[in-house]
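Take 12 as the starting number for the sequence shown in the working numbering and just add one per residue. Where is the CB? At the ideal position from N, CA and C, for every residue including glycine.
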Amino acid sequence: IKGIEIGGDDYLTKPFAFAELIVRIKSLLRRANQSDYKSSVIHIADLKMDIAKRTVHRGNTNIKLTAKEFALLQLFLERQGEVLPRTVIASQVWDINFESDTNVIDVAIRRLRIKIDDGFDIKLIHTVRGMGYKLEPLAVDVDSGMGDDSINKDSLTSNER
C-alpha cells in the first residue's frame with residue numbers, strides 16, 4: 012500500500028502468478044498508450060506534427076522529413092517561442108557537444124526551413140542573431156522584406172533573452 016501512496020499505479024503481493032504480472036503490465040501499457048496518443052499531436056499556426064504517426068502537415072500539404080529534421084522540428088514545437096541556442100539544439104537533436112566551427116545545425120535549419128516555410132506567407136523558423144533560433148508564426152511584410160528570417164536580439168523581452 013505504501014508504494015501506491017508514494018505514486019505507484021499498481022502492486023502485486025508475493026507470491027504471484029506470472030500470468031497475472033503479464034496482464035497487469037499489458038493493462039498499464041494500454042493506458043499509457045491511450046494517454047500518449049491523445050497528446051501526440053503538436054501544432055503551431057497551420058503546421059501540425061503527429062509524433063505517434065511520425066507525420067507533419069502544413070495546411071493541406073504533407074511534409075516528408077528525415078529523422079533528424081523530425082527531431083529538430085519536434086524540439087522547436089515542444090519549446091515554441093523560446094530562443095534555442097545552437098548548444099541546446101546540438102545536445103538535444105544530435106547528442107553532441109557544440110563546436111562553433113561546425114555548420115551542421117545551420118544546414119539542418121536551412122533544410123527544415125525550405126520544407127516548412129517556403130511557399131507560405133507565415134514563416135515559422137527565425138534566426139535570433141547572436142543567440143540561436145526560434146519557432147513562432149511571423150508574417151512576412153512583402154513591401155519592406157522584414158520578418159522573413161531574423162529577429163534582432165535587442166527587440167526581445169527580458170523573458171526571451
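Residues K145, L146, E147 and E171 of the same chain have their beta carbon placed closer than 8 Å to that of G92, with the five preceding and five following residues left out of the count. For E31, the number of other beta carbons within 10 angstroms of its own is below 16, and it is reported as exposed. In the three-state DSSP reduction, I62 falls in the coil class, being neither helix nor strand. Under a 10 Å Cβ-count criterion, G143 is classified as buried, with 16 or more other Cβ atoms of the shown protein chains found around its own Cβ. Three or more pairs of CB atoms, one per stretch, sit closer than 8 Å, so the region 68-79 contacts the region 120-139.
Residue F131 holds the alpha-carbon nearest to the alpha-carbon of R69 among Y22, F27, I33 and F131. Put simply, the backbone Cα of R35 is about 42 Å away from that of I127.
Distance check between L83 and each of A101, A56, A28 and R42 places A101 closest, using alpha-carbon atoms only. DSSP lists I133 as the beta-bridge partner residues of A150. C-alpha of S38 to C-alpha of I133: approximately 44 Å in a straight line.
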